[in-house]
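Residue numbers (this note's numbering): 400 to 519.
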Amino acid sequence: MSGTGLNDAARSALALLMAVAEPGDPRVGAALDRWGARDLIDRVREGGGGFPGARAMRLRLEAVSGAEQLARAGSVGAMLVARGDPDWPTQLDDLGPGRPYGLWTHGSIALRPALLRSVA
């Protein structure tokens, strides 16, 4: 079951980050590892972030809600799997700061065991 690694506010912040950040950007990934999604979002909103693209992210933050992202996903049976969740495929951690910030999933398959058998 997903969702046990983060509290609701942190999961909402992660959904927000995933909506406004470029996927797989190792600078954003390193900042996420260092500060967590909530603090990273706060830093970007305050004009920081310390990486190229933070200004563009700040502009996109004005039009997106993490809670709405989660609600929309939930309405179609999707969920957000975050780093540290039991279903997080730890083999992605080999990608370091370039690994996904989180994964949107749909369906009832246990993600981690399924990916242990995958090729790509």
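We put the CB at the ideal spot given by N, CA and C, even for glycine.
Straight through space, the alpha carbons of Met456 and Ala420 are spaced by roughly 6 Å. Between His505 and Ala477 the beta-carbon gap is near 4 Å, inside 8 Å, which marks them as a contact. Shown here for Arg459: same chain residues with a beta carbon closer than 6 Å to its own, the five before and five after excluded, namely Val419 in chain order. Using a Cβ distance threshold of 8 Å, Ala466 and Ser411 count as a contacting pair. Straight across, the Cα-Cα distance linking Ala481 with Ser464 is about 17 Å. Spatial neighbours of Asp492 in its own chain (CB-CB distance under 7 Å, excluding positions within 5 residues in sequence) are listed in chain order as Arg498. Within the same chain, Pro499 and Tyr500 come within 8 Å of Pro422 by CB-CB distance, once the 5 residues on both sides are set aside. Annotated three-state conformation of Leu502 is strand, per DSSP. For Thr489, the closest of Trp503, Leu510, Ala472 and Ser474 by C-alpha to C-alpha distance is Leu510. A distance below 7 Å between beta-carbons, with the five flanking residues on each side excluded, links Ala430 to the following residues of its chain, in chain order: Leu439, Gly448, Gly449 and Phe450.
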